[in-house]
Every structure is written in C-alpha cells, then in structure tokens.
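So the sequence lines, in the order shown, correspond to chains A and B. The opening position of the first sequence corresponds to residue 0 in numbering that gives the first Met the number 0, with each subsequent residue numbered one higher. The opening position of the second sequence corresponds to residue 0 in numbering that gives the first Met the number 0, with each subsequent residue numbered one higher. Glycine included, each C-beta is placed from N, C-alpha and C at the ideal position. Note sheet for the following structure.
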Amino acid sequence: MGREVAESCIDGVIIEMVSAYASRFYSSKPDLAARRIEAIGFQVGHQLSERYTMERPRFADHLEAIKFICKDFWSELFKKQIDNLKTNHRGTFVLQDNHFRWLTRISLDPAAVANNDATSESESGADMTSMLLYFPCGIIRGALNNLGISCAVSADMTNLPACKFTCDTC
Amino acid sequence: MTTTACFIVVSKNDIPIYEAEVGSTVRQKQEQAHQHQFILHAALDLVQDLAWTTSAMFLRSVDRFNDLTVSVYVTAGHTRLMLLHDSRNEDGIKNFFQEVHELYVKTLLNPLYLIGSRITSAHFDTRVRALARKFL
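Here is the structure:
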C-alpha cells in the first residue's frame, strides 16, 4: 500500500473529473453535479482516513479528530498543514489553508473579470472553481464521518489561493 | 495442538460484516459455532464501554467464558475486530489483528465495496484463515 503518483496527474484527474461532471454529465443541473462530486469526495475521504489512522492511537474526542485532519491528514494529501484553525466551541470549526494546492493551477481569466460584457464568463470561472471545491469538502466530510463526527462542510474562496473550510456539526 | 477460535468483524453500526471459525479443531466447532457467536455478540457491550476509556487500538481481553477469552481490536473508524480464543498468545493475537486490519483497509479501498456491507470476497477469507494458522 502507498505507491507514489505524480502530482500533475492528480491535478489533471481532479480537474477533468469536475469538468466532466459539471459540463458534460449534468450540464443542465449544476447542483446535482455538485452533489455527485461531493459524494465522490465523501467516499475518498472515508477510505483515506481509514488508511491514515492505522498506525496511530485512536481519538479521545472531537477536537483531537479535527486536529488530526488539520495536521496528519492534510500533510499526507497536500504536503502541508492547515494554517489556521478556529472554533466557536459550539460545534463549528473553520479550517483555513492559505495556499490551497489544488487551486494553484486554476486561473480566472483577468480580462473576462474586468470586462462588463463578459459577466457570464467571470461567473462561469467562479462557478468552475466552486465546483472544484466540492471535492475537498467531500473529502473532509467523509474523513470526519468515519471518525464519528457527522457534519456539513462548506468552502469559502473569497481570496484565492487561500481557502476556508467551515465544518458545522449541528 | 488443537485450538478453538472464532473471529468476527463488526462495523460501527453494530452489524457483523464478516465471521469465520479459524480454530484448528474440526469436529466440535460445528456444534459450538452458534455458541461462539453468542459469546462474541454478548461481549459487544463491554467493548463499547471499554473503547471510550483508552486511545489504544488493541484492547486485550475484555471478557471470559469458561476457559475462552474474547480479545478485541478497535480501529479509528470504530470497526471492531473480535476474536474468541482459548490460547494465551497475546503477541500473536496482536500481530494477527494488525495484519487483518491491513486487509480490511485494502477491502475498504475497493471503490465497489459498499462501506458497512458484508465482506464476501473469497480472497479475504483465504487470507484471514492463512493469517490465523500463522499467528494463532
């Protein structure tokens, strides 16, 4: 277990999967495409969390499980840890990654963003990126579900390449 | 040396997803197989309580019945690997659990495997029995 794969292949597969679901399979129903992408991420997160928790002792409470996601799980996936973790101690956690690896290869065309006539272009650029973010949201949700925390995960990408994932357990 | 042993895997929803008689006795296990299952399922309550007190994965012996002991190994996803046995070989049992855990993770990585459903793969069954012969 644990063979290696080139990072450009991972980037390519994910971008193509998102684009296939969003533009080809469910082109008229974007929310259905988003749900399918998130479901794929859920299964991947479930499997990955099972694999990465094999060597270490189990978790005593929710906070330790979230810290595992921020440190070990994130560094296995993206070779870095989550930069900032905030909680309101009432079940909501915000994980902030200041340089999210999978978004570094995405460019929003600056000419389209500046141009008023092409508002649909800039919208579809932002839509594509938000479609892409459903996959890591699903991964986090699947991993937390396996560790016993059921929650809803949403992503916020107001300033790229930083990205904030909000996990809501209630 | 004849040993009795019964091994089950229980998912986190308390549904047994795999069971096997892995002892080396041949004749008497047929009559006592249902009794073994009963003892293992009765031990689930004890496992539930014990699992929250420690962060280790291998909970040694959680229950006794006559001369049989129940040993349990809990994964991070709260899947319990339970073994009913009469031997005293703790190191062998711990190694057995670790190897079966690896097999279980490989089963999970199969994208066509529905998480929480019964493990029906004959390959998994063969490997578990081979591991049991090796370690128990």
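Rounded to the nearest angstrom, what separates S153/A and E37/A at their Cα positions?
Within the first sequence, residue 153/A is the residue found at index 154, counting from 1. Within the first sequence, residue 37/A is the residue found at index 38, counting from 1. Straight through space, the alpha carbons of E37/A and S153/A are spaced by roughly 10 angstroms.
Other residues of its chain near A33/A: CB distance less than 7 angstroms, five sequence neighbours each side excluded:
Translated into positions along the first sequence, residue 33/A becomes position 34. So the qualifying residues of the chain are M130 and Y133.
Assigned secondary structure, C169/A (DSSP; H/G/I helix, E/B strand, else coil)
For the purposes of this step, residue 169/A is identified with residue 170 of the first sequence, where counting begins at 1. Three-state DSSP puts C169/A in coil, outside helix and strand.
Comparing the C-beta of T74/B with each C-beta of chain A, is any distance below 9 angstroms?
One-based indexing of the second sequence puts residue 74/B at position 75. At least one beta carbon of chain A lies nearer than 9 angstroms to the beta carbon of T74/B.
Expressed to the nearest angstrom, what Euclidean distance is found between the alpha-carbon atoms of F41/A and N144/A?
Position 42 of the first sequence, counted from the first residue, corresponds to residue 41/A. Position 145 of the first sequence, counted from the first residue, corresponds to residue 144/A. The alpha-carbon atoms of F41/A and N144/A are separated by roughly 9 angstroms.
List the residues that DSSP assigns as beta-bridge partners of F58/A.
Position 59 of the first sequence, counted from the start, is the residue given in the question as residue 58/A. Answer by DSSP bridge pairing: none, since F58/A is not bridged.
Residues in the region 77-91 of chain B having any Cβ partner in chain A nearer than 8 angstroms:
So the list reads H77, given in the order they occur along the chain.
Give the residues of chain A in contact with L107/B, contact being defined as C-beta atoms less than 7 angstroms apart.
The count along the second sequence starts at 1 and reaches residue 107/B at position 108. For L107/B, the neighbours in chain A by C-beta distance under 7 angstroms run, in chain order, Q46 and E49.
Shorter than 9 angstroms from the beta carbon of M53/A to some beta carbon of chain B?
Reading the first sequence from its first residue, position 54 is the one you call residue 53/A. Cβ-Cβ to chain B under 9 angstroms: yes for M53/A.
Measuring CB to CB, does D126/A end up less than 9 angstroms from A21/A?
Along the first sequence, one-based indexing puts residue 126/A at 127. Along the first sequence, one-based indexing puts residue 21/A at 22. In contact: D126/A and A21/A (Cβ atoms closer than 9 angstroms).
Do V104/B and R50/A have their beta-carbon atoms positioned less than 9 angstroms apart in this structure?
Indexing the first sequence from 1 puts residue 50/A at position 51. Indexing the second sequence from 1 puts residue 104/B at position 105. Taking 9 angstroms as the Cβ cut-off, R50/A and V104/B qualify as a contacting pair.
Nearest-angstrom Cβ-Cβ length linking S54/B and A142/A, presumed shorter than 8 angstroms
Sequence index remark: in the second sequence, residue 54/B carries index 55 (1-based). Sequence index remark: in the first sequence, residue 142/A carries index 143 (1-based). So it is not a contact: roughly 18 angstroms between Cβ atoms.
Quick one, which of N12/B, V8/B, F123/B and V73/B has its alpha-carbon nearest M53/A's?
Within the first sequence, residue 53/A is the residue found at index 54, counting from 1. Residue V73/B is the option with its Cα nearest to M53/A.
Quick check: the region 73-92 of chain A against the region 80-96 of chain B, are there 3 or more CB pairs under 8 angstroms?
These segments do not touch.
Quick one: what's got a C-beta closer than 6 angstroms to N97/A's C-beta in the same chain, skipping five residues either side?
Here residue 97/A refers to the residue found at position 98 of the first sequence. Excluding its 5 nearest sequence neighbours in each direction, N97/A has C-beta neighbours in its own chain below 6 angstroms: D82 and A161, listed in chain order.
Answer yes or no: do M56/B and P135/A have a C-beta to C-beta separation smaller than 9 angstroms?
Counted from its first residue, the second sequence places residue 56/B at position 57. Counted from its first residue, the first sequence places residue 135/A at position 136. Their beta carbons are not under 9 angstroms apart, which means M56/B does not touch P135/A by this criterion.
Please determine, among I9/A, L146/A, V4/A and D10/A, the residue with the shortest C-alpha to C-alpha distance to K66/A.
Taking the first residue of the first sequence as 1, we reach residue 66/A at position 67. Selection I9/A, L146/A, V4/A and D10/A evaluated against K66/A yields L146/A as nearest (Cα-Cα).
Proximal residues of chain B, C-beta to C-beta of P56/A below 7 angstroms:
For the purposes of this step, residue 56/A is taken as the residue at position 57 of the first sequence. Within 7 angstroms Cβ-Cβ: S54, A55 and M56.
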